[in-house]
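K.L.:
There's a structure below that I have some questions on.
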Amino acid sequence: MRENKARARRSWGLYATMAGLYAFLAVFLIWPIFYVFHQSVWINGRFDLSFFRLMLLDESLRQSIGNSFKIAVLVTFFTTLISLPFAVALARLRFRGKSLLQGLLLVPLIMPPFVGAIGLRTILSRSGSLNTLMVDVLKIWSQPMDWFEYGLVGVVLLEILHLYPIMLLNLTAAIANIDPAMEEAASNLGAGRWRRFWSVTFPLMRPGYFAGSVIVFIWAFTDLGTPLMFDYRRVVPVQIFDRVKDVNTNPMGYAIVVFVVILTAVIFGLSRWVMGGRHEGMMSRGHTSSAERAARGWEQTLLWVGGGLLIAVALVPHMGVIMSSISRPGSWFMTVLPQEWTLDHYRAVFDRPDTMGSIQNSLLYASLSTVLDIVIGVLIAWLLVRKKVPTGAVLDTLAMMPLALPGVVLAFGYVATFAGTFLDPRRDPTALLVIGYAVRRLPYMIRSAYAGFQQTSITLEEASANMGAGPFRTLWRITLPLVAANLLAGAVLAFSFAMLEVSDSLILAMQPRFYPIAKQIFSLYLRLGDGENIASAMGMLGMFLLTVSLLVAAKTLGKRMGQLFQS
Amino acid sequence: MGLMLLAGCRRRGIEGDQLIIITPHWQGVVDEFTAAFEGYYLEKTGRPITLEWLDQGGTADDLRYVQSEFERSPKGIGIDLFYGGGIDAFKVLHESGFLVPFKLPDALLEEIPAELFGMPLYEAGHHWYGTAVSGFGVMYNKPLLERQGLAQIGSWSDLARPEYFGLISAADPGRSGTAHTMCEIILQSEGWEEGFRTLVGMSANTRKFSNTSSQIPKEVSSGEAVFGLAIDFYAYTEIDLVGEDKIGYVMPEGAVVYNPDPIGILKGAPHREIAEMFVEFVMSEAGQQIWMQRAATPGGPLEQSLNRASVLPGLYEKVGDRSVVRVNPFELTSTQNYDPEKGSMRYTLINDLIKACMIEPHVELKQAWQRWITAGSDPEVFKRFTQAPVDEDAVERLAERWGDPAFRNETILEWKQNAVRLYRAVP
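Protein sequence lines correspond, in order, to chains A and B.
Start counting at 1 in the first sequence, then tack on 4, and there's your number in my numbering.
Start counting at 1 in the second sequence, then tack on 871, and there's your number in my numbering.
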């Protein structure tokens, strides 16, 4: 009798937890999106599609939509072009220094791209380093090259350089997962190398490629920071950003956000359909023994030369930011390099109350959101893997939704939905920033926990249950310590992404007192005087932070790092 | 964990006296006035004060934010002061009823002239006061100017010279108050017909229209543009940074226009008395010295020179060579007075006109410009495609009907189509 009661009590605990999780996701994920949809079609008490019509009629909005598509397509295309040869080579060839090359190719991930914009502008501007070098110093060109004649160029370039590693990781994993028996069969039947690639390899690799493309496409379409830094405003995310201020007087913003949500849903839907049965991209089976062979001499040379070139170009923005952070303001005027150097800007970062304040703010927000992520992520993963609770599939889908949700959408939704409540970001954005970061990183945290659970044997937990421990006690004392390594890796990444997060930070933090790092950098960049240099110094510190955390995560997760960047 | 606590402790609420100000001013102004007012307040009341500055972007952004907030909460929006943004923004604030009157003590009020070359320096009902005045002109990159052998700018119409193609940096007058004022200055000082032609030519020479005028000094410094339309203190601040040998600034001949940069107390201000103290401080000699003097001079700003002309004519002599203000506006003569009423009456219409004729068809305009230059820059052809679609009187009539969105959008579309047709017709 007592045992039955105990079991019933344990079940109640589980159901209560589930209810809590659903409530959290409902309030902070479903409700804001629903509210935005509602506001976009319910105008003056009637169902009214006129704002969608106006959106299509408005020239600048049409252009913005067109531009965003252009950017997304160009970025996806070029990242594919760049990554594919390297992915094939890295998956199939063996050579000395392979892991070094692999690591170097991933370096651009550590630079938050919108900081890179500062660097790119200083180097590529008409009287910037490159033009001055080529025209004045080396006298190779007679005229400076106008890189930014089409505003798109800077944005697209920067996004390509930042995103190709993600495409590379996805493609490499996809190719590595192909069963070599297929390709052997094809060559046994007489297919040449190209034919084999197009008929066998590429189709088998397609799901992985689509996974990567979807991430890259949506990211490029919805990136707010980079176009903002280039003052390139005819793109959808900046149009949304501009309309956050008007949210009470002009409902047009809602229509645009709804458009973005529908677009991303369609793209994700398409990708799931194309990828067929592959379930949610969870921890896939470990790769089969690879069909690696030793690389030939010319192949190695090509790899290193190509790789070297790519890395050099990818590091151009970083170089610009480094130089901007140590140059004396005014001393880098139409010369290749700054004429005078100084560490003042780094000192300023630590001296000024606004920069130090923003670092403290980010530390607070990121810590809280990471804790939230760990708690919720572990609970969800645990419920799904170990407890196999009813409606598990629903919970899983909901929790994975943030992957498809661009930051600008969620941030806009929060501003609109919670206006006038105690969570109003105009008063104090702390709560919503923490929750926003947490919600957006949740899928990654769940994945880490999931991976951990799959790796540890359930028998230990069963033993604990047999000895009378309740489910939560088992979770706390047995399971968690076993998956700690995975959780740590996930937490470290969640923390560092939250520290440098751009979209939510730019939109939700409206008062300087609450600025996180990203918004502080943006605000500094807009200033006259040494603002840009201090912004660069902050960007460098951000880069350092991200590097350290990626290294820590890589060490802990090892080969499975790539999984984290898949859709 | 410790870091978190540290961070938390620092941020928990603001105790003591506060003042909340929304402003498009750049950080230098914010820093210097914060420091100065903190000292002033401490002296007067013996208590410390915390100033909180909100900044939503440029003037237009701040204005829209305030409008949106008043929509939500008409009695007051939790902000005390709107500081800076140009006279046009304050006209809108005043007309919408968002400002409350505050009369400065007579002794102070007497020192301030009522107007300067047609521009009022404070509102007759005391709803706002101009805290400093700024002139408008063109800043330029000296080394590039020399290297490319370009002629210097003398008058506003020089901006339409074909040899400046692609070399000008300008802001969208619909987004930047400064840019708008400069367009209005050109239209008034050159006359409607000639002024419009100048604007078309200038737009054709503009690379791209940026959102805020604070981008312009950067573009000129980085060589992206040779010329940039700038308000005087942006130019002077950039010159202070990179040196007089690198950046120059010229105020074109003709009408002299000085725009006051106002401050006003918002309706429902949560800290009314402190707000009044702040306004008094800014308009007093102590506050004005912060605008005018060189950094680190007694009575002046601590770290940054702000390069702004005071509204107190008597101060110029008193301050002497502690001042960094290059030109004393009260000693200038102008060929004509600026008519702010006209400017404010047709504010939105001018924005729409420029957008329809120059900004939206910018690509076609630039292409036509290039063709025209290659074909020999025939002045007759120029007259044809730079023709304004309406004359000045018509503008006044249209402005009255501009509140009707259907009529407004129709007219805008008509203008745009007309402009594109004219540009495409250039041989």
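Where a beta carbon is used, it is the ideal one built from N, C-alpha and C, also for glycine.
Below 8 Å on the Cβ atoms is my guess for residue 208(A) versus residue 233(A); work out the distance and round it to an integer in Å.
P.N.:
The Cβ separation is near 39 Å, so there is no contact.
K.L.:
If contact is defined by three or more beta carbon pairs under 8 Å, each pair taking one atom from either stretch, is the stretch 387 to 396 of chain A in contact with the stretch 543 to 557 of chain A?
P.N.:
At 8 Å Cβ cutoff, the stretches do not touch.
K.L.:
Please confirm whether residue 1077(B) and residue 1102(B) have their CB atoms less than 9 Å apart.
P.N.:
Not a contact, by the Cβ cut-off of 9 Å.
K.L.:
With distances taken from CA atoms, which of 1093(B), 961(B) and 983(B) is nearest residue 122(A)?
P.N.:
It is 1093(B).
K.L.:
Kindly indicate which residue of 452(A), 340(A), 323(A) and 558(A) has the alpha-carbon position closest to the one of residue 543(A).
P.N.:
Nearest of 452(A), 340(A), 323(A) and 558(A) to residue 543(A), Cα basis: 323(A).
K.L.:
Look at residue 964(B) and residue 999(B) and say whether their C-beta atoms are less than 9 Å apart.
P.N.:
Going by C-beta atoms, residue 964(B) is nearer than 9 Å to residue 999(B).
K.L.:
Could you name the residues that DSSP lists as bridge partners for residue 46(A)?
P.N.:
Beta-bridge pairing links residue 46(A) to 51(A).
K.L.:
Looking at residue 1052(B) and the ligand MN, is the gap between the Cβ and the nearest heavy atom below 8 Å?
P.N.:
Only the bare structure without any ligand can be found here, which leaves the ligand MN out of the picture.
K.L.:
Anything in the stretch 1104 to 1116 of chain B with a Cβ closer than 9 Å to a Cβ of chain A? List those residues in chain order, please.
P.N.:
Residues passing the 9 Å Cβ filter: 1105, 1108, 1109, 1111, 1112, 1113 and 1114.
K.L.:
Determine the direct distance from the alpha carbon of residue 1223(B) to that of residue 53(A), and round the result to whole angstroms.
P.N.:
Cα-Cα distance, rounded: 26 Å.
K.L.:
Along the chain, which unbroken stretches of the beta strand (DSSP E) at least 3 residues long are found entirely within the stretch 916 to 962 of chain B?
P.N.:
The qualifying runs are 920 to 925 and 952 to 954.
K.L.:
Which residues of chain B have a Cβ atom closer than 9 Å to the Cβ of residue 412(A), listed in chain order?
P.N.:
What residue 412(A) touches in chain B: nothing, since even the nearest Cβ is about 16 Å away.
K.L.:
Kindly list the residues whose CB is nearer than 6 Å to the CB of residue 572(A), restricted to its own chain and excluding five residues on each side of it in sequence; keep chain order.
P.N.:
Nothing can be reported for residue 572(A): it is not among the residues displayed for chain A, which extend from 5 to 571.
K.L.:
Mind checking if residue 440(A) is an interface residue toward chain B, Cβ cutoff 9 Å exclusive?
P.N.:
So no, residue 440(A) is outside the interface.
K.L.:
Where residue 1286(B) and residue 263(A) are concerned, what is the direct C-alpha to C-alpha distance, given to the nearest angstrom?
P.N.:
Between residue 1286(B) and residue 263(A), the C-alpha separation is close to 30 Å.
K.L.:
Rounded to whole angstroms, how far is the Cβ of residue 1042(B) from the Cβ of residue 1083(B), which I believe are closer than 8 Å?
P.N.:
Contact holds; Cβ gap of about 6 Å.
K.L.:
So, for residue 16(A): in the same chain, excluding its five sequence neighbours on each side, which residues have a beta-carbon less than 6 Å away from its beta-carbon?
P.N.:
Excluding positions up to five away in sequence, the list is empty.
K.L.:
Could you pull the DSSP bridge partners for residue 354(A) from this structure?
P.N.:
None; residue 354(A) has no bridge partner.
K.L.:
Use the C-beta contact count for residue 281(A): other C-beta atoms within 10 angstroms, 16 or more gives buried, fewer gives exposed.
P.N.:
A caution first: residue 281(A) carries a pLDDT of 49, below 50, which makes its placement in the model too unreliable to give a value.
K.L.:
Out of 259(A), 467(A), 216(A) and 344(A), point me to the one whose CA is closest to residue 43(A)'s CA.
P.N.:
With distances taken between Cα atoms, residue 43(A) lies closest to 259(A).
K.L.:
Going by beta-carbon coordinates alone, are residue 484(A) and residue 320(A) separated by less than 9 Å?
P.N.:
No, the pair does not count as a contact, with Cβ atoms beyond the cut-off.
K.L.:
Would residue 175(A) and residue 314(A) be called neighbours here (beta carbons separated by less than 9 Å)?
P.N.:
Going by C-beta atoms, residue 175(A) is not nearer than 9 Å to residue 314(A).
K.L.:
Can you name, in chain order, every residue of its own chain whose Cβ lies under 6 Å from the Cβ of residue 1044(B), other than the five neighbours on each side?
P.N.:
Within the same chain, residue 1044(B) has close Cβ partners 1050, 1051, 1054, 1222 and 1225.
K.L.:
Can you check whether the CB of residue 1009(B) is closer than 9 Å to the CB of residue 334(A)?
P.N.:
No, these two residues do not count as a Cβ contact at 9 Å.
K.L.:
Could you check what DSSP says for residue 312(A) in three-state terms: helix, strand or coil?
P.N.:
Note: residue 312(A) maps to helix in three-state DSSP.
K.L.:
What first and last residue would you give for the alpha helix (DSSP H) that runs through residue 1052(B)?
P.N.:
Where residue 1052(B) is concerned, the enclosing alpha helix (DSSP H) stretches over 1048 to 1061.
K.L.:
What residues match up with residue 890(B) in a beta bridge as DSSP calls it?
P.N.:
DSSP output for residue 890(B) lists 922(B) as bridge partner(s).
K.L.:
Below 8 Å on the Cβ atoms is my guess for residue 952(B) versus residue 1104(B); work out the distance and round it to an integer in Å.
P.N.:
So it is not a contact: roughly 20 Å between Cβ atoms.
K.L.:
In or out: residue 403(A) buried (at least 16 other Cβ within 10 Å) or exposed?
P.N.:
Residue 403(A) comes out buried.
K.L.:
Output the distance between the C-alpha atoms of residue 211(A) and residue 178(A), rounded to the nearest integer angstrom.
P.N.:
Computed Cα separation, rounded: 8 Å.
K.L.:
Assuming residue 453(A) contacts residue 381(A) (C-beta within less than 8 Å), just tell me the rounded distance between them.
P.N.:
Their Cβ separation, rounded to whole angstroms, is 5 Å, which keeps residue 453(A) and residue 381(A) in contact under 8 Å.
K.L.:
Would you mind stating whether residue 126(A) and residue 328(A) have Cβ atoms separated by less than 9 Å?
P.N.:
Result yes, Cβ atoms of residue 126(A) and residue 328(A) sit closer than 9 Å.
K.L.:
What's the call for residue 534(A), buried or exposed, on a 16-neighbour Cβ count within 10 Å?
P.N.:
Residue 534(A) should be labelled buried.
K.L.:
First and last residue of the alpha helix (DSSP H) that includes residue 454(A)?
P.N.:
Segment 434 to 459, the alpha helix (DSSP H) holding residue 454(A).
K.L.:
Could you tell me the alpha carbon to alpha carbon distance between residue 1128(B) and residue 352(A), rounded to whole angstroms?
P.N.:
Distance between the alpha carbons of residue 1128(B) and residue 352(A): 38 Å.
K.L.:
Are the Cβ atoms of residue 893(B) and residue 954(B) separated by less than 9 Å?
P.N.:
Their beta carbons are under 9 Å apart, which means residue 893(B) touches residue 954(B) by this criterion.
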